[in-house]
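These protein sequence lines are chains D and L, in that order. Numbered per our numbering, the first sequence spans residues 34 to 268. Numbered per our numbering, the second sequence spans residues 34 to 268. For every residue, glycine included, the Cβ atom is placed at its ideal position computed from N, Cα and C.
There are 2 protein chains.
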Amino acid sequence: MPSGSRLQKTESLRTLSAAAATRLRADILSCALPPGERLRLDALKTQYGVGYSPLREALVQLAAEGLVELEEQRGFRVAPVSADDLTDVTRTRISIETLALREALPAGDDAWEASVVQSFHLLSRIDPVEAPRRGVNVEWSKRHREFHYALVAACKSPLLKRFWAQAYDRAERYRRLAVTYGSKPRDNLKEHEKLMKVALDRDVEKACTLCSEHIMKTHRIILYDIGKKLSIFRS
Amino acid sequence: MPSGSRLQKTESLRTLSAAAATRLRADILSCALPPGERLRLDALKTQYGVGYSPLREALVQLAAEGLVELEEQRGFRVAPVSADDLTDVTRTRISIETLALREALPAGDDAWEASVVQSFHLLSRIDPVEAPRRGVNVEWSKRHREFHYALVAACKSPLLKRFWAQAYDRAERYRRLAVTYGSKPRDNLKEHEKLMKVALDRDVEKACTLCSEHIMKTHRIILYDIGKKLSIFRS
DNA sequence: GTCAACCCGATTTTCGAAAATATCCTGTTT
DNA sequence: AAACAGGATATTTTCGAAAATCGGGTTGAC
């Protein structure tokens with residue numbers, strides 16, 4: 034079952050529509066709403082305590098991000114998973130992230146370096162292996178995203194960064210799905226550290242290589258651990 | 034003023050929401066709804082003859098595609114234009130399209146070749162220079178998009194193709210804006226023909242080079258013709 | 001038994017009223 | 001004049017009722 038209570042407007046999410054999108058996105062990425070699950074409006078209405086309009090707007094937005102599928106007149110469902118889709122998402126993510134790195138590294142200034150170091154430090158303070166409790170993993174996920182984002186943040190192309198975010202999130206869902214279904218989070222802090230080092234050294238080629246390998250390694254583990262289980266999610 | 038009459042459901046657009054998104058997208062790409070223009074719901078309601086819900090859903094979707102901007106509690110507007118944005122969109126489009134070409138060319142089979150030839154032929158039947166009437170240009174735009182899509186269609190990554198479409202559309206809006214404001218459509222059929230030839234020969238490097246140059250050439254012309262006028266659109 | 005037509009409950013989609021919020025105007029104070 | 005408050009108007013956002021559509025089940029004709 035997805036996350037808790039009634040939705041409210043906040044400072045940064047000033048409409049229920051935006052709040053619903055944020056919460057639904059989190060619930061889908063965490064697989065609290067599992068792949069393929071039908072999203073009935075009445076159920077969501079009760080669950081989140083908001084009306085049809087904000088919910089539909091949120092779902093349409095998530096459909097545009099590829100996290101939800103909409104079949105007209107037949108409703109919404111969480112985007113299904115498959116080995117093909119995982120491969121597509123992984124390869125595209127590698128392409129986009131390396132493109133972004135190529136632009137970011139030469140453009141990175143002191144502030145960029147500082148935020149890379151900072152986000153790496155925060156990442157290093159959580160051991161995803163030793164602390165497999167739910168809340169901790171959510172926090173690790175946040176910091177992991179922050180770290181990868183910090184690396185590409187100096188890239189001056191908003192559009193490329195938008196694509197980066199979409200690809201990252203779709204890949205991240207598979208990683209969380211694997212962890213949910215028993216895959217052990219691996220200790221990849223060393224990989225991140227090396228990646229950071231070569232990035233700060235502005236070694237573009239090495240950074241792209243390490244980044245690709247880092248993502249591919251995760252990909253292979255996920256595929257090995259849950260590749261055959263993916264077809265379960267036909268609900 | 035944007036395109037005509039009351040919206041209706043059709044076979045392929047089975048909800049008013051989808052129909053509204055399609056029509057709004059067309060009106061934004063054609064610049065019938067100019068960049069920066071405020072999109073008041075009451076006005077759109079009258080214009081398109083549908084209620085608030087489908088309109089808001091369509092606008093949220095277009096916001097996710099980068100064609101509309103949403104400021105919470107202050108409504109929607111057509112995405113603004115700027116020289117920086119044009120450059121971002123162009124460069125990202127080149128990156129994505131060459132990525133897609135690299136995957137498509139080696140994967141292209143007979144059917145792909147056939148559809149490339151077919152779409153080139155259709156493109157060649159319209160001269161965008163001689164027939165600058167509105168309807169004809171819309172048809173040329175469609176065929177131009179079809180041609181470029183046909184080239185990358187053999188790429189097996191749905192996600193990359195989704196990104197391709199978003200980048201293409203955002204670039205296309207600038208081209209149409211330039212034409213609307215007096216830029217003469219140039220005769221680039223030769224460029225397309227060469228691109229097709231090298232693509233069919235599976236010369237990946239040459240195809241990527243030609244494609245990049247083709248896009249950059251359009252970019253330079255647009256920037257030259259309307260670069261300084263872009264700031265007009267602050268409405 | 002098969003197929004089509006029909007009906008019924010479940011669900012999505014659409015609508016406009018009502019609530020929430022922003023924006024503009026006007027008058028008042030300093 | 002500038003700054004501010006109060007209130008009227010414009011606009012967005014949200015809601016649940018109503019309409020449209022889907023899916024499953026039943027009936028009846030062949």
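| Checking contacts by CB at 8 Å: is residue 75 (chain D) closer than that to chain L? | Your numbering for residue 75 (chain D) matches position 42 in the first sequence. No, no contact with chain L.
My assumption, with CB atoms under 8 Å, is that residue 116 (chain D) sits in contact with residue 91 (chain D). Please give the rounded CB distance. For this step, residue 116 (chain D) is matched to residue 83 along the first sequence. For this step, residue 91 (chain D) is matched to residue 58 along the first sequence. Rounded, the Cβ-Cβ distance is 29 Å, inconsistent with contact.
So residue 125 (chain L) and residue 193 (chain D) are in contact, right, with Cβ under 8 Å, and what is the actual spacing, rounded? Residue numbering aside, residue 125 (chain L) sits at position 92 when the second sequence is read from its first letter. Residue numbering aside, residue 193 (chain D) sits at position 160 when the first sequence is read from its first letter. Contact holds; Cβ gap of about 5 Å.
Original post:
What is the DSSP secondary structure of residue 208 (chain D), counted as helix, strand or coil?
Top reply: As a working note, residue 208 (chain D) is residue 175 in the first sequence. DSSP places residue 208 (chain D) in helix when its eight states are reduced to three.
Thinking C-alpha only, which one of L:80, L:161, L:181 is nearest residue 130 (chain L)? In the second sequence, counting from the first residue as 1, residue 130 (chain L) sits at position 97. For residue 130 (chain L), the nearest C-alpha among the options comes from L:181.
Continuous alpha helix (DSSP H) stretch holding residue 124 (chain L): start and end:
Position 91 of the second sequence, counted from the start, is the residue given in the question as residue 124 (chain L). Here the alpha helix (DSSP H) through residue 124 (chain L) covers 116-140.
- Looking at chain L, which residues of the segment 92-108 of chain D have a Cβ within less than 8 Å of any of its Cβ atoms? 93, 94, 96, 97, 98, 99, 105, 106
*Contacting residues, own chain, Cβ-Cβ under 6 Å from residue 66 (chain D) (five flanking each side not counted)*: Taking the first residue of the first sequence as position 1, residue 66 (chain D) is located at position 33. Taken in chain order, the residues that qualify are 35, 60, 111.
| task | For residue 190 (chain D), go through chain L and note every residue whose CB falls closer than 8 Å to its CB, in chain order. | result | Walking along the first sequence from the start, residue 190 (chain D) turns up at place 157. Within chain L, the residues near residue 190 (chain D) are 121, 124, 125.
Worksheet item: How is the beta strand (DSSP E) around residue 44 (chain L) delimited, first residue to last?
Response: By one-based count along the second sequence, residue 44 (chain L) stands at place 11. Unbroken run through residue 44 (chain L): none, as it is neither H nor E.
*asked:* Does the beta-carbon of residue 234 (chain D), which I'm using as the reference point, lie nearer than 7 Å to any heavy atom of the ligand SAM?
replied: This structure simply doesn't include the ligand SAM, nor any ligand for that matter.
Original post:
For residue 72 (chain D), which beta-bridge partners are listed by DSSP?
Top reply: Walking along the first sequence from the start, residue 72 (chain D) turns up at place 39. Residue 72 (chain D) pairs with D:109.
**Q.** Candidates L:143, L:198, L:225, of which the one nearest residue 133 (chain L) by Cα
**A.** The count along the second sequence starts at 1 and reaches residue 133 (chain L) at position 100. Ranking L:143, L:198, L:225 by Cα distance to residue 133 (chain L) puts L:198 first.
Check your understanding: When the Cα of residue 101 (chain L) is compared with those of L:40, L:256, L:76, L:62, which residue comes out closest?
Key -> By one-based count along the second sequence, residue 101 (chain L) stands at place 68. Comparing Cα-Cα distances from residue 101 (chain L) to each of L:40, L:256, L:76, L:62, the minimum goes to L:62.
Taking the straight line between their C-alpha atoms, what separation do you get for residue 170 (chain D) and residue 161 (chain D)? Within the first sequence, numbered from 1, the residue matching residue 170 (chain D) stands at position 137. Within the first sequence, numbered from 1, the residue matching residue 161 (chain D) stands at position 128. Cα to Cα, the separation comes out at about 6 Å.
Span of the beta strand (DSSP E), counted from its first residue to its last, around residue 11 (chain D)
Residue 11 (chain D) lies beyond the range of chain D shown here (34 to 268); nothing can be said about it.
Worksheet item: Are at least three pairs of beta-carbons, each pair with one atom in the segment 228-236 of chain L and one in the segment 219-236 of chain D, less than 8 Å apart?
Response: no
| message | Using the three-state DSSP reduction, which class does residue 101 (chain L) fall into: helix, strand or coil? | response | Taking the second sequence and counting its residues from 1, the one referred to as residue 101 (chain L) is at position 68. Of the three classes helix, strand and coil, the one that applies to residue 101 (chain L) here is strand, per DSSP.
Notebook entry, point to check: Apart from the five residues just before and just after residue 99 (chain D), which ones in its own chain have a Cβ nearer than 7 Å to its Cβ?
Noted result: Working through the first sequence from its first residue, we reach residue 99 (chain D) at position 66. Result list for residue 99 (chain D): 112, 199, 203, in chain order.
>> Between the alpha carbons of residue 260 (chain D) and residue 211 (chain D), how many angstroms are there, rounded?
In response: Stepping through the first sequence from its first residue, residue 260 (chain D) is reached at position 227. Stepping through the first sequence from its first residue, residue 211 (chain D) is reached at position 178. Taking the straight line joining both Cα atoms gives about 9 Å.
Below-8 Å beta-carbon distance, residue 90 (chain D) vs any chain L residue
Walking along the first sequence from the start, residue 90 (chain D) turns up at place 57. Yes, its Cβ sits closer than 8 Å to a Cβ of chain L.
query = Which of the three DSSP states, helix, strand or coil, is assigned to residue 261 (chain L)?
reply = Numbered from its first residue, the second sequence carries residue 261 (chain L) at position 228. Residue state, collapsed to three classes: coil.
(message) My assumption, with CB atoms under 8 Å, is that residue 152 (chain L) sits in contact with residue 172 (chain L). Please give the rounded CB distance.
(response) Here residue 152 (chain L) is taken as the residue at index 119 of the second sequence, counted from 1. Here residue 172 (chain L) is taken as the residue at index 139 of the second sequence, counted from 1. Contact doesn't hold; Cβ gap of about 13 Å is too wide.
- Message: Nearest by alpha-carbon distance to residue 149 (chain D): which of D:127, D:177, D:122 is it?
- Response: As a first step, residue 149 (chain D) is located in the first sequence; it is residue number 116 there, counting from the start. When each option's Cα is compared against that of residue 149 (chain D), the closest is D:177.
Within 8 Å of any Cβ in chain D, is that where the Cβ of residue 196 (chain L) sits?
Taking the second sequence and counting its residues from 1, the one referred to as residue 196 (chain L) is at position 163. At least one chain D Cβ lies under 8 Å of residue 196 (chain L).
**Prompt:** Hey, does residue 47 (chain L) have any beta-carbon neighbour from chain D nearer than 8 Å?
**Reply:** Looking up residue 47 (chain L) in the second sequence gives position 14. Yes - at least one Cβ of chain D is within 8 Å of the one on residue 47 (chain L).
Requested in this report: Within the same chain, show all residues whose beta-carbon is closer than 6 Å to that of residue 206 (chain D), passing over the 5 residues directly before and after it, in chain order.
Outcome: As a working mapping, residue 206 (chain D) is identified with position 173 in the first sequence. The residues are 62.
Span separating the alpha-carbon of residue 217 (chain L) from that of residue 255 (chain L): Here residue 217 (chain L) refers to the residue found at position 184 when the second sequence is read from its first residue. Here residue 255 (chain L) refers to the residue found at position 222 when the second sequence is read from its first residue. Using only the alpha carbons, I get a separation of about 10 Å.
| task | Under 7 Å between beta-carbons, which chain D residues line up against residue 66 (chain L)? List them in chain order, please. | result | In the second sequence, counting from the first residue as 1, residue 66 (chain L) sits at position 33. The contacting residues do not exist; residue 66 (chain L) stays about 19 Å from chain D at best.
Open item on the list: Could you tell me the alpha carbon to alpha carbon distance between residue 266 (chain L) and residue 71 (chain L), rounded to whole angstroms?
Closed with: Residue mapping note: residue 266 (chain L) aligns to position 233 of the second sequence, counting from 1. Residue mapping note: residue 71 (chain L) aligns to position 38 of the second sequence, counting from 1. C-alpha separation (whole angstroms): 11 Å.
Residue 245 (chain L) CB to nearest chain D CB: under 8 Å?
-> Taking the first residue of the second sequence as position 1, residue 245 (chain L) is located at position 212. Output row for residue 245 (chain L): interface = no.
Using a C-beta cutoff of 8 Å, does residue 132 (chain D) count as contacting chain L? Counting from one through the first sequence, the residue named residue 132 (chain D) turns up at place 99. Yes, residue 132 (chain D) counts as interfacial toward chain L.
### Task
Could you run through the segment 221-246 of chain D and flag, in chain order, every residue whose CB is less than 8 Å away from some CB of chain L?
none
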